[in-house]
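The structure appears right after this line, and notes come after that.
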Amino acid sequence: MIAQPLTVLDHHYQELKDDGKDVIKGLSQTPKTLSPKYFYDDPGSLLFEKICELPEYYPTRTEAWILNQYADEIAAITNCCELIELGSGSSTKTQALLTAYQKIADSCRYLPIDVSGGILKTSVLQLQEKYPDINIHGLLGTYEQALVHLESNYLQSRMLFFLGSSLGNFNPEECDSFLTQVARTLQPGDFFLLGIDLQKPKDILEAAYNDSQGVTAAFNLNMLSHLNWRFQGDFDISLFKHQAIYNGVDNRIEMHLHCQRSHWVNLAALDLKVSFEAGESILTEISRKFDLATMEKQLQSKGLNTVKTWTDGKGWFGLILCQV
Ligand code: AVI
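Numbering that gives the first Met the number 0 puts the last residue of the sequence shown at 323; the count rises by one with no breaks.
And the structure:
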């Protein structure tokens, strides 16, 4: 079988280079912040795949269990022609849905969208071999680029999915505008499938983001290596320590890189020199933990009406299927 070419939304590196403005802004403010999108260069995406297999990191296997359990039902309810996944990564969990669709659909197409070209290319090639009856095209780009592209390239009935609780990495305002944009890409009758991590005791949450093998620490620190190669930086990784704590007021994990010694960092390509004090930290990620009923209401306010919700036996993770 001839492999489909990878469709590139825009020039990946050029696009992210422009985004360096957010690095300047984030490192110039107090407290310092960096966007979690900088986790996902190719080494970072591989580290994330490792996180997904950690015993402490329950979200991936819990969501995979729900998907495996209910994929046939989801396919039967939705029966769309076009399946679109935002932030597809390795598309591992999605295979339950593709297998279910392959059984019922005559022709359908799957568009995995990710910001990391290496993992996207590899997974598209593997999926094309495994699912010869499904038309598979990878799209390389950020969520923003992807949603703009999808809004103006509507072909046929759609199910858009956003799994892994990636929605939790947005703050409330970002979440609101993301859902508005999602609703814009869908036509009446189309579906949105959302995976969200639910609230649970602090010790389980903190263990999931402070694993004993140090993979999450390596993932967090890799963001600085990414900035070093992308923006000609000189971050000394050994001067920072990973820290993840649960903020019970805002129901979110906060991941930080904690500076161990006062020093300067230079990012030559951004013409930026930043001073770090011992004890100060960079907020690299929030990971919000949700409540199903509240999320269903928020989705409804965007015209995304819940058709069915699934969860696991412990109520740790939720999958919401909604329809426009
Ligand atoms: C991608 N995202 C949903 C993960 C999360 O759990 O917030 C990223 C992650 N960060 C640390 N571990 C996993």
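Here a beta-carbon is modelled for each residue, glycine too, at the ideal position from N, C-alpha and C. Please read all numbers here as calculations on a predicted model, not as lab measurements.
- Going by DSSP, Tyr245 is part of the beta strand (DSSP E) stretching over 239-246.
- Short note on Asn168: C-beta closer than 7 Å to some heavy atom of the ligand AVI.
- Looking at the DSSP output, Arg183 sits in no beta bridge, so it has no partner there.
- When DSSP states are grouped into helix, strand and coil, Val323 belongs to the coil group.
- Of the heavy atoms belonging to the ligand AVI, none sits nearer than 7 Å to the Cβ of Tyr69.
- The beta carbons of Ile23 and Leu269 sit about 6 Å from each other, so the pair counts as a contact at 8 Å.
- In this structure Ser280 does not touch Trp263 by the C-beta definition: roughly 17 Å separates them, more than the 8 Å allowed.
- Judged by DSSP secondary structure, Pro111 falls within the beta strand (DSSP E) whose first and last residues are 107-113.
- Our two residues, Pro200 and Trp315, have alpha carbons roughly 10 Å apart in a direct line.
- Glu253: member of the beta strand (DSSP E) spanning 251-258, first to last residue.
- Contact between the region 215-223 and the region 177-194 is absent, with fewer than three C-beta pairs closer than 8 Å.
- Within the model, the alpha-carbon separation for Pro35 versus Ser286 is close to 10 Å.
- Gly25: member of the alpha helix (DSSP H) spanning 19-27, first to last residue.
- Within the DSSP bridge table, the entry for Glu81 names Arg108, Arg157 as partners.
- A distance below 6 Å between beta-carbons, with the five flanking residues on each side excluded, links Met254 to the following residues of its chain, in chain order: Asn219, Ala243, Thr283, Glu284.
- Contact annotation: Cys80 and Cys107 have beta-carbon atoms nearer than 8 Å.
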